[in-house]
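J.:
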Amino acid sequence: MANPSEQETLVPSSDSVSFLRHRPNSAATASSKTSLTSDQNSATDCGEDSGVDRSFDAGMRNRGEAEEEMKAAAEDGVECREGVARDEGKGAGVALPASFLYRASAPAHWKVRESPLSSDEIFKQSHAGLFNLCIVVLIAVNGRLMIENLMKYGLLIRAGFWFSSRSMRDWPLLMCCLSLPAFPFGAFAVEKLAQHKFITEPLVIFLHVLLTTAAIIYPVFVILKFDSAVLSGFTLMFLASIVWLKLVSYAHTNYDIRTLSKTINKDDMCSSSIDLDNLKSVSLKSLVYFMVAPTLCYQPSYPRTTCIRKGWVIRQLIKCLLFTGLMGFMIEQYINPIVKNSQHPLKGNLLNAIERVLKLSVPTLYVWLCMFYCFFHLWLNILAELLRFGDREFYKDWWNAKTVEEYWRMWNMPVHKWVIRHIYSPCIRNGISKGFAVLISFFVSAVFHELCVAVPCHIFKFWAFIGIMFQIPLVILTKYLQNKFRNTMLNYLKPGQVGNMIFWIFFSILGQPMCVLLYYHDVMNRKARTD
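With the first letter of the sequence shown counted as 1, position 178 gets the number 173 in this note's numbering; the numbers rise by one all the way through.
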C-alpha cells in the first residue's frame, strides 16, 4: 500500500468518480495512518464475510481526515458544511463543499448499512409502532368476537349468577368456614404448653400434626357429605388450604425457634441482632395478626407501614369489585356457551377438540389475568394496607419468565416463600438432592391443586394433579432451550424468549382450556348419572 502522504487522497474513495480532492498533509496522515489501516483491514474482513465491497467506507471513518478536508477546502476558498453524511452511531463525519450539496452528482450511499429487520439490527430498533398495531388488532379482533357473541346468544348474564336458591342450601359449608379459626387457637394452646414445658417435644409435634390434618380433612368431609355448589366448595377448600399452610408455618417456625434456643450460645446471640427471648415468646396477638395477614410464613413481627391510606383503599376496593364483575361476565357470556357446545376432549373428534380448546383459550386467559390482578394485586394490597403490612412483594414480573421454573418462582410469592422455607430448604439441610427437593415441592403443590378442584367438583380424575406434575418436564425442556439458544439467539429471538413462548403456549393456550373442558364434562357426566 502506498504512503498516503505521497499521493492525493480521494474522499470518498472510488475508481470512477472523485467528488472531493483531499490536499495531502504529512502531519495529519501520519497521525491517522494506524487507525486508517485498521479500519481498512476490518472493512476488508467484513467484505469477505458479506460479499460487499466496503472500500467505499475506508476514507470516511476517521474524523481526522474529515477535519483535514475542511481545512483544505477553506484554504481553496470553498465553503464547506460538516456532518452532511455523518456516520451514525460512530461519530465519524465527512465534509462536502457547498457546490456539491443537493446535486445529482452528490453520493447518496455513504456506507454499508443493514436493513432494520435484519438479524443484526432488529433488536436495536424501536418497535413501538408494531406494538401499537398489535393493540389495535387485538381490540378489533376481540370487538368482532364480542359482537358475534351478542348476536348469537344475546345477553346471558343472570341476576342469580352470584347467589341462587341453591347457594342458601350451602349453610353447612358456611358453618364449617366459620369454625376454621378453632384450629389456630388449638395450635396456640399447644405452643403455650410447649413454652412452659408442660408437654414433651414429641407430643408437641404429634398434636400439631393432628391439628393440621384435621384442618384439611374436616372441610373435605363437609363438602363431600353435602351436595354443595362448585363455587361454594372451592371457596371453602381455598380457605382451608390457607389455614393449613399457615398452621404448618406456625408450628415449624416455633419448633425451629425452640431448637435454636437450645443449640446457640447466649454469647453468640448477644453479638447478633436477633432477640431470642422475643422470638421464644408465644403471643396470641401475633398469631391473630398472622392468620389474617397476606402471608403464609409466620414470624413474631413483620415490617409495618406508618399509616393507612383510606382513599387509596376505597379506590382499590372499587377496582376489585369491577374486575370481579368482569370475570363473572366473561365466564357467563363467553366461557359457558363454548363449553356447553363442546365434547369431551379425550372422547370426541380430535379436530373439534382442538378447535374448542383454541376458542376457549382467549376468554380463559382473560379471566385468569383478571383473577391474578384482582387477587394478587388488588385484594392482597388492600389487606396489607388495612393491616399496615409492609412487605408487599406478592408477585414478580412472571410474564417475562424465560423458563417454567422462573414462572413458578415469581407468580405467587407467598406460596413460593412458604415452599422454600418449609419444604425445599429442610430437604436440602437433610441431605436430599436439589432435584428430589424440587420433585417433593411440586408433589405437595399438585396435591393441593387437586384438592381445591376435585373436591368441590366431587370428581377425582387427578387432572389438576397431572397438570402440576407435568410442569417438571416443562421445567427441564424450557431450561434446555434457554441454554441451547443462549448464544445462537435463534437468529431473531433473544435468549429466554423461546422458553417464554413455550410457557405461554402450554400454560395459557393449551393447559387451562383443556382443564376446563375435562372437569366440565366430568361434572356434567356425574350429574347425569346422579339424576
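Where a beta carbon is used, it is the ideal one built from N, C-alpha and C, also for glycine.
Report buried or exposed for Thr398, applying the criterion of at least 16 other Cβ atoms within 10 angstroms of its Cβ.
T.: Classification for Thr398: buried.
J.: Report buried or exposed for Lys305, applying the criterion of at least 16 other Cβ atoms within 10 angstroms of its Cβ.
T.: Lys305 comes out exposed.
J.: I'd like the list of long-range same chain contacts for Gln507, defined as Cβ closer than 8 Å, with 5 residues on each side in sequence excluded.
T.: Counting only Cβ-Cβ distances below 8 Å, and skipping sequence neighbours, we find Ser356, Thr359, Leu360 and Trp363.
J.: Using 10 angstroms around the beta-carbon of Pro298, count the other beta-carbons present and answer buried if the total reaches 16, otherwise exposed.
T.: It counts as exposed.
J.: Using three-state DSSP, classify Arg253 as helix, strand or coil.
T.: DSSP places Arg253 in helix when its eight states are reduced to three.
J.: Is any heavy atom of the ligand SAM found at a distance shorter than 7 Å from the C-beta of Cys292?
T.: In the structure shown, the ligand SAM is absent, as is every other ligand, since no ligand is present at all.
J.: Compute the distance between the beta-carbons of Met405 and Asp386, then report whether it is under 8 Å.
T.: In this structure, Asp386 does not lie closer than 8 Å to Met405 by Cβ.
J.: Determine the direct distance from the alpha carbon of Leu133 to that of Tyr148, and round the result to whole angstroms.
T.: When rounded, the distance between both Cα atoms is 22 Å.
J.: State yes or no: is the C-beta of Lys241 within less than 8 Å of the C-beta of Tyr284?
T.: Cβ distance not < 8 Å, so Lys241 and Tyr284 don't count as in contact.
J.: Taking the runs of the alpha helix (DSSP H) that are 4 residues or longer, which of them lie wholly in the segment 390 to 470?
T.: List check, alpha helix (DSSP H) in window: 399 to 405, 408 to 414, 420 to 424, 429 to 452 and 458 to 464.
J.: With three or more C-beta pairs closer than 8 Å as the rule, is the segment 182 to 193 touching the segment 406 to 420?
T.: These segments do not touch.
J.: Using only alpha-carbon positions, find the residue among Gln190, Ile377 and Asn478 that is nearest to Ile252.
T.: The shortest Cα separation from Ile252 among Gln190, Ile377 and Asn478 belongs to Gln190.
J.: So the alpha helix (DSSP H) Ser174 belongs to, where does it begin and stop?
T.: That run of the alpha helix (DSSP H) goes Trp166 to Ser174.
J.: Would a C-beta distance cut-off of 8 Å place Leu219 and Val450 closer than the cut-off?
T.: Cβ distance < 8 Å, so Leu219 and Val450 count as in contact.
J.: Identify, in the order they occur along the chain, each residue of the same chain with its Cβ nearer than 8 Å to the Cβ of Asp222, setting aside the five sequence neighbours on each side.
T.: So the list reads His453, once near-sequence residues are dropped.
J.: For Arg299, name the three-state secondary structure that DSSP assigns.
T.: Strand.
J.: What span of residues does the alpha helix (DSSP H) with Ser281 cover, start to end?
T.: Its alpha helix (DSSP H) spans residues Leu279 to Val287.
J.: Kindly indicate which three-state DSSP category Gln35 falls into: helix, strand or coil?
T.: Here Gln35 scores only 43 on pLDDT, less than 50, and its place in the model is too uncertain to base an answer on.
J.: Three-state secondary structure (DSSP) at Cys510?
T.: Three-state result, Cys510: helix.
J.: For Leu382, I'd like the list of residues in its chain whose CB is within less than 6 Å of its CB, leaving aside the five on either flank, ordered along the chain.
T.: Ala288.
J.: Among Ser337, Glu380, Trp413 and Met322, which has the Cα closest to the Cα of Ile368?
T.: Note that residue 368 is Tyr in the sequence shown here, rather than Ile. It is Met322 whose Cα lies nearest to the Cα of Tyr368.
J.: Quick one: what does DSSP say Phe221 is sitting in, helix, strand or coil?
T.: It is coil, neither helix nor strand.
J.: Report yes or no: do three or more beta-carbon pairs, one from the segment 227 to 237 and one from the segment 430 to 450, lie closer than 8 Å?
T.: Segments in contact, yes.
J.: Within 8 Å, do at least three Cβ pairs link the segment 135 to 148 to the segment 306 to 318?
T.: Judged by Cβ distances under 8 Å, the segment 306 to 318 makes no contact with the segment 135 to 148, as fewer than three pairs qualify.
J.: Distance check for Leu279 and Phe545, CA to CA, integer angstroms please.
T.: There is no way to answer for residue 545, as the model of the chain reaches only from -4 to 526.
J.: Rounded to the nearest angstrom, what separates His444 and Gln466 at their Cα positions?
T.: So the alpha carbons of these two residues sit roughly 13 Å apart.
J.: Could you pull the start and end residues of the alpha helix (DSSP H) that Cys365 belongs to?
T.: Note, Cys365: alpha helix (DSSP H), Leu345 to Phe367.
J.: Please name the residue, chosen from Val470, Leu505 and Val217, that lies closest to Ala396 on a Cα-to-Cα basis.
T.: Measuring from the Cα of Ala396, the nearest candidate turns out to be Val470.
J.: So, using beta-carbon positions, are Pro332 and Leu512 closer together than 8 Å?
T.: Against a cut-off of 8 Å, the Cβ pair of Leu512 and Pro332 comes out as no contact.
J.: Can you tell me whether Phe384 is helix, strand or coil according to DSSP?
T.: DSSP places Phe384 in strand when its eight states are reduced to three.
J.: Would Val352 and Met509 be called neighbours here (beta carbons separated by less than 8 Å)?
T.: Cβ distance < 8 Å, so Val352 and Met509 count as in contact.
J.: Assuming Ser227 and Asp165 are in contact, meaning their beta carbons sit under 8 Å apart, how far apart are those beta carbons, in whole angstroms?
T.: The Cβ separation is near 4 Å, so the contact holds.
J.: What does a CB cutoff of less than 7 Å around Ile303 pick up in its chain, not counting 5 residues either side in sequence?
T.: Excluding residues within five positions, the ones whose Cβ falls inside 7 Å are Glu380, Leu381 and Arg383.
J.: Short check: CB of Ala177 to CB of His203, under 8 Å?
T.: No, they are not a contact pair.
J.: What does a CB cutoff of less than 7 Å around Gly426 pick up in its chain, not counting 5 residues either side in sequence?
T.: If we look at Gly426 and ignore the five residues flanking it on each side, it has no Cβ neighbours.
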